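What follows is one structure encoded as structure tokens, with my remarks underneath.
In the numbering used here, the protein residues as written are 1 to 630.
The following block contains the structure:
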């Protein structure tokens with residue numbers, strides 16, 4: 001969480017109504033839910049194990065049919081008793097069959113559940129791997145517009161929710177369709193008139209369920225969206241708590257959290273008013289199949305239009321019909337949830353991927369060229385006709401005001417995005433025609449903010465080359481000036497650091513990042529002001545490490561501290577996405593243009609520092625020219 005100078009975004013009244021947006025979402029349906037479409041989609045996801053799936057459906061359906069056996073047995077016994085020819089041996093046999101059917105029902109239900117969960121867990125694993133593989137193919141810029149909380153929710157919670165649909169919805173839905181059909185067929189054979197009366201409240205209940213489902217897709221979508229924002233807010237609170245405490249914004253941050261919680265409460269209240277009442281009425285109707293049939297049957301028997309034995313048999317079997325329909329309400333809720341979960345997963349799976357050339361070309365050398373490059377974020381043009389080249393082993397520094405396009409230009413080198421116009425090439429080959437793995441091997445990044453995974457320091461360094469042995473890891477750490485602080489840690493290179501490198505200082509994390517880049521040994525290196533947040537002592541160590549890292553490599557440096565790039569082979573000055581100036585430090589200062597003004601301002605700030613700090617600045621220059629680095 002970032003606390004800005006204004007806390008207006010945090011200063012909310014969580015006690016008042018949020019908006020009427022949620023109310024509208026509940027009141028206005030978006031689209032009808034297709035049972036068939038959801039079932040087909042779930043079947044498609046499990047098609048690799050369709051025989052196990054069919055076996056699970058068969059077992060579930062058989063369990064549902066066996067659940068009717070006790071009622072059928074009761075009907076047979078009642079008919080025998082009412083007819084006066086009671087054969088207690090026969091009655092006992094019927095009862096035994098009913099007990100066996102109950103045992104069989106539980107057995108087949110367990111088999112169906114076990115099989116469906118086995119299928120669901122395996123499919124769930126495949127789905128997560130498919131999502132991970134998809135995320136590996138999308139442009140890295142894809143992640144700029146999505147929070148980590150959103151992606152975490154999709155990869156973990158949404159896939160977990162789909163598992164519920166695969167493990168329960170498909171087998172239970174099939175059983176909920178087949179068993180009622182069989183039960184109604186039996187009832188129709190006994191007496192079609194009473195069957196129609198029994199169907200009346202059931203049909204009304206199904207109509208209500210259909211209405212709830214039709215109106216429920218929008219609210220279910222909003223519920224999942226609010227739930228996702230809750231997860232993001234909580235994660236943001238946890239990450240930003242030190243900043244919040246430092247700026248004494250506890251109350252405002254708490255109010256922001258309360259706001260999203262209040263939004264969920266408001267949504268739940270609206271959902272209660274619009275869905276729970278008709279849903280409860282539907283549940284009552286689905287279990288009220290005897291509401292008309294029972295009194296009508298008694299009247300018909302009293303008038304002699306129906307024999308008592310027929311009425312008894314009908315009522316005994318019809319009594320069990322309520323159990324069969326009782327699961328439909330839960331199935332409808334699962335169905336609406338599956339629609340939204342699948343939509344969110346599909347949105348990731350449908351994301352545009354970086355096009356991959358069918359015949360990848362290999363660059364002849366590491367000559368980096370931007371040829372009339374233009375690029376936009378949506379409707380906002382950020383680069384205009386940028387044209388330059390960097391020879392192998394040379395250093396180019398990118399400077400310019402904030403928002404001038406420096407970081408965007410650097411990210412295009414690694415194909416975080418594809419250019420809108422023009423081309424970026426390496427060794428005469430458009431990077432869009434290079435194999436993604438080849439491009440990744442050619443370019444390394446050292447960012448301002450270092451991400452370290454929860455794991456050992458050795459594993460974090462080995463990320464640069466997973467097959468590297470321990471000697472290579474230690475050598476990279478030595479060259480990155482990281483070995484000394486690693487060696488005195490409790491477990492040395494096996495020391496486990498927390499997520500994002502918690503437990504290490506910023507300078508230590510940066511040197512581990514540099515060791516990672518050294519181990520990768522890519523010929524093109526992009527530095528995004530790696531010393532921007534370092535203290536003087538760490539800055540000197542990081543600069544030494546970068547000097548080692550940049551030896552004999554093509555170097556692209558995004559510079560904010562201008563004193564660090566005065567020895568660069570060439571400086572490219574960007575302004576509003578265009579190349580405003582280019583040349584060496586001395587040439588640009590002599591021109592008296594934008595760079596000269598920026599450097600003069602930089603020097604003015606430096607002159608206000610303490611003498612020792614200024615002395616540190618004087619020696620804090622990277623040997624960036626090709627000659628110095630060789």
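For glycine and all other residues, C-beta sits at the position ideal for the given N, C-alpha and C. Every value quoted in this text rests on a predicted model; they were computed, and no experiment measured them.
By the 16-neighbour rule on beta-carbons within 10 angstroms, residue 265 is exposed. When the beta-carbon positions are compared, residue 581 and residue 593 come within less than 9 angstroms of each other. Using a Cβ distance threshold of 9 angstroms, residue 104 and residue 66 count as a contacting pair.
The segment 127-135 and the segment 151-169 touch, with no fewer than 3 CB-CB distances between them shorter than 8 angstroms. With a contact defined as Cβ atoms closer than 8 angstroms, residue 168 and residue 334 qualify at about 7 angstroms. Contact between residue 73 and residue 39 is ruled out by a C-beta separation of about 33 angstroms, above the 8 angstroms threshold. Judged by DSSP secondary structure, residue 381 falls within the beta strand (DSSP E) whose first and last residues are 380-390. The DSSP-derived three-state label of residue 414 is coil. Annotation for residue 129: the continuous alpha helix (DSSP H) segment containing it runs 88-137. Taking the Cα positions, residue 439 is about 52 angstroms away from residue 110. With the rule of 3 Cβ pairs closer than 8 angstroms, the segment 585-600 does not count as touching the segment 405-413. In this structure, residue 559 sits near residue 399, with a CB-CB distance shorter than 9 angstroms. Across the set 525, 172 and 424, the C-alpha of 172 shows the shortest separation from the C-alpha of residue 60. Bounds of the alpha helix (DSSP H) holding residue 473 are 470-479. About 11 angstroms separates the CB atoms of residue 70 and residue 100; that is not less than 8 angstroms, and the two are not in contact. Contact holds between the segment 354-363 and the segment 418-428, because three or more Cβ pairs, one in each stretch, are under 8 angstroms apart.
Fewer than three Cβ pairs drawn from the segment 78-85 and the segment 194-201 lie within less than 8 angstroms of each other, which leaves the two stretches out of contact. When DSSP assignments are scanned along the segment 46-95, the uninterrupted stretches of alpha helix (DSSP H) that are 4 or more residues long and fall wholly within it turn out to be 50-66 and 69-83. Assignment of residue 370 by DSSP, reduced to helix, strand and coil, places it in the strand class. Annotated as distal: residue 450 and residue 376, with beta-carbon spacing of 9 angstroms or more. By the Cβ test, the segment 181-189 is not in contact with the segment 361-368, since fewer than three Cβ pairs between them sit closer than 8 angstroms.
Note that the C-beta distance between residue 446 and residue 462 is not below 9 angstroms. Between residue 306 and residue 191, the C-beta gap is smaller than 9 angstroms, which places the two residues in contact. Taking every protein chain shown into account, the CB of residue 552 has fewer than 16 other CB atoms within 10 angstroms, so this residue is exposed. Rounded to whole angstroms, the Cβ separation of residue 517 and residue 456 is 18 angstroms, and the two are not in contact under 8 angstroms. When Cβ pairs closer than 8 angstroms are counted between the two stretches, the segment 382-400 is seen to touch the segment 559-570, the count reaching three or more. Of all alpha-carbon atoms in 570, 57 and 46, the one lying nearest the alpha-carbon of residue 388 is that of 570.
Within the segment 415-455, the complete alpha helix (DSSP H) runs of at least 4 residues fall at 436-442.
Per the C-alpha coordinates, the member of 94, 41, 527 and 195 positioned closest to residue 406 is 527. For residue 543, the number of other beta carbons within 10 angstroms of its own is at least 16, and it is reported as buried.
Going by DSSP, residue 140 is part of no alpha helix (DSSP H) at all; its letter is neither H nor E. According to DSSP, residue pairing for residue 581 in a beta bridge involves 573.
Judged by DSSP in its simplified three-state form, residue 280 adopts helix. With distances taken between CA atoms, residue 425 lies nearest to 391 out of 391, 452 and 404. Linking residue 225 to residue 188 through their CA atoms gives a straight-line distance of about 46 angstroms. Here residue 555 has 395 and 525 as same chain residues with Cβ atoms under 6 angstroms from its own Cβ, once five neighbours each way along the sequence are excluded.
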